[in-house]
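A.B. asks:
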Amino acid sequence: MSRKVDNEQHVEFSVSMCVYKKDNPDHFKEALGSIVNQTLLPTEIVLVVDGPIPSSIENVISNYEGVPLFKVIRLAKNEGHGNARRIGLDHCSNELVALMDADDISVEDRFEKQIKSFEENDEISIVGGNITEFIDSVDNVVGIREVPQNDDEIKDYLKRRCPFNQMTVMFKLSHVIKAGGYKDWYHNEDYYLWIRMYQSGSKFKNLEESLVYVRVGEEMYKRRGGINYFRSEAKLQKYMLNHNIIHSGTYVKNIVLRLVLQVLLPNKMRGFIFKQFARKKIEKKGKD
Numbered sequence: 001m002s003r004k005v006d007n008e009q010h011v012e013f014s015v016s017m018c019v020y021k022k023d024n025p026d027h028f029k030e031a032l033g034s035i036v037n038q039t040l041l042p043t044e045i046v047l048v049v050d051g052p053i054p055s056s057i058e059n060v061i062s063n064y065e066g067v068p069l070f071k072v073i074r075l076a077k078n079e080g081h082g083n084a085r086r087i088g089l090d091h092c093s094n095e096l097v098a099l100m101d102a103d104d105i106s107v108e109d110r111f112e113k114q115i116k117s118f119e120e121n122d123e124i125s126i127v128g129g130n131i132t133e134f135i136d137s138v139d140n141v142v143g144i145r146e147v148p149q150n151d152d153e154i155k156d157y158l159k160r161r162c163p164f165n166q167m168t169v170m171f172k173l174s175h176v177i178k179a180g181g182y183k184d185w186y187h188n189e190d191y192y193l194w195i196r197m198y199q200s201g202s203k204f205k206n207l208e209e210s211l212v213y214v215r216v217g218e219e220m221y222k223r224r225g226g227i228n229y230f231r232s233e234a235k236l237q238k239y240m241l242n243h244n245i246i247h248s249g250t251y252v253k254n255i256v257l258r259l260v261l262q263v264l265l266p267n268k269m270r271g272f273i274f275k276q277f278a279r280k281k282i283e284k285k286g287k288d
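Numbering (the UniProt record's numbering), first residue to last: 1 to 288.
1) Given this structure, state the Cα-to-Cα distance separating residue 44 from residue 18, to the nearest angstrom.
2) Work out the CA separation of residue 117 and residue 28 for me, nearest whole Å.
3) Between the Cα of residue 142 and those of 133, 25, 228 and 38, spot the shortest distance and give me the residue it belongs to.
4) Hey, could you find the ends of the beta strand (DSSP E) residue 171 is sitting in?
5) Less than 8 Å between the CB atoms is what I'm expecting for residue 13 and residue 94, so what's the real figure, rounded?
6) Span of the alpha helix (DSSP H) holding residue 256?
7) Can a CB atom of chain D be found closer than 8 Å to the CB of residue 127?
8) Since I believe residue 144 is in contact with residue 210 (beta carbons under 8 Å), could you give me their beta-carbon distance rounded to a whole number of angstroms?
9) First and last residue of the alpha helix (DSSP H) that includes residue 240?
10) Taking 8 Å as the cut-off, decide whether the C-beta atoms of residue 182 and residue 82 are in contact.
11) So, using beta-carbon positions, are residue 37 and residue 129 closer together than 8 Å?
12) Using the C-alpha atoms, what's the distance from residue 56 back to residue 199?
This is how it looks when you write it as structure tokens:
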């Protein structure tokens with residue numbers, strides 16, 4: 001099931017992930033495979049099953065249940081992403097916790113690189129990285145979402161956009177708890193947490209490399225738009241304004257930009273804008 005790792009300085013850390021009924025079982029299987037085939041293995045994988053799931057997903061889980069490092073937490077009903085994340089962290093045994101989504105693929109040395117960052121700087125609270133976006137296959141890369149790397153840049157970026165790719169992060173659990181942990185917030189549980197960690201004095205870092213391959217497509221752009229998504233982000237901007245993280249000029253600018261992108265633009269146009277201006281373009285090589 002997993003690669004044998006020869007590393008005498010192995011640091012104990014957990015991986016926390018969630019799965020629910022609408023996740024693709026094949027993608028879920030790939031996601032799990034990318035965790036157990038790392039150059040540095042976790043000592044614990046905590047999987048929250050967020051409500052009833054079909055047999056196809058259950059079959060994937062059954063291949064791992066009984067493995068000592070694999071811990072399955074089953075919820076009677078779907079609690080939502082933020083609550084499921086919080087419950088997963090409640091069951092993690094280690095101070096360092098890496099997050100993982102059920103349909104993405106971690107690069108094989110992701111955890112090794114993140115652990116090294118914590119070892120080099122004990123003040124860091126969270127380490128994330130870039131993501132490589134693909135359609136259907138990792139051979140069909142369509143873009144890279146780059147995020148700022150050092151603490152000052154990340155905290156400045158946070159005032160305009162979410163500064164971390166959530167599926168890439170590894171953090172100190174005690175620092176997350178100090179900030180209040182995950183709380184339910186429509187499609188923005190992670191951004192809300194990073195803001196509160198900023199308020200609590202956490203130190204941030206992103207690696208310059210891509211740490212996770214992420215599936216994208218029309219469904220992703222749909223999730224990034226609509227009146228409910230806009231209201232969620234508008235509330236976050238109001239929260240930052242009320243807590244003096246941003247000033248009124250930034251607030252107005254952020255609200256107007258989100259209104260246009262998330263409400264006024266159709267999905268196809270929103271997707272075009274994201275790919276043109278919010279992602280690093282990938283040059284496609286022609287056939288010889």
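All residues carry an ideal CB built from backbone N, CA and C; glycine is no exception.
C.D. replies: In terms of the structure at hand:
1) On the sequence shown, residue 44 is found 44 positions in, with the first residue counted as 1. On the sequence shown, residue 18 is found 18 positions in, with the first residue counted as 1. Between residue 44 and residue 18, the C-alpha separation is close to 14 Å.
2) Translated into positions along the sequence shown, residue 28 becomes position 28. Translated into positions along the sequence shown, residue 117 becomes position 117. Roughly 28 Å between the two C-alpha positions.
3) Counted from its first residue, the sequence shown places residue 142 at position 142. Ranking the options by Cα distance to residue 142, first place goes to 133.
4) Along the sequence shown, read from residue 1 onward, the residue named residue 171 stands at position 171. Segment 170 to 172, the beta strand (DSSP E) holding residue 171.
5) Reading the sequence shown from its first residue, position 13 is the one you call residue 13. Reading the sequence shown from its first residue, position 94 is the one you call residue 94. So it is a contact: roughly 5 Å between Cβ atoms.
6) Locating residue 256 in the sequence shown gives position 256, where the first residue counts as 1. The continuous alpha helix (DSSP H) containing residue 256 extends over residues 248 to 259.
7) Absent from the structure: chain D. Only one protein chain is present.
8) In the sequence shown, the residue the question calls residue 210 occupies position 210. In the sequence shown, the residue the question calls residue 144 occupies position 144. Right, the Cβ-Cβ distance comes to about 6 Å (below 8 Å), so this counts as a contact.
9) The count along the sequence shown starts at 1 and reaches residue 240 at position 240. According to the DSSP assignment, residue 240 belongs to the alpha helix (DSSP H) that extends over 227 to 242.
10) Here residue 182 refers to the residue found at position 182 of the sequence shown. Here residue 82 refers to the residue found at position 82 of the sequence shown. Their beta carbons are under 8 Å apart, which means residue 182 touches residue 82 by this criterion.
11) As a working mapping, residue 37 is identified with position 37 in the sequence shown. As a working mapping, residue 129 is identified with position 129 in the sequence shown. It is not a contact, given that the beta carbons lie outside the stated cut-off.
12) The sequence position of residue 199 within the sequence shown is 199, counting from 1. The sequence position of residue 56 within the sequence shown is 56, counting from 1. Between residue 199 and residue 56, the C-alpha separation is close to 42 Å.
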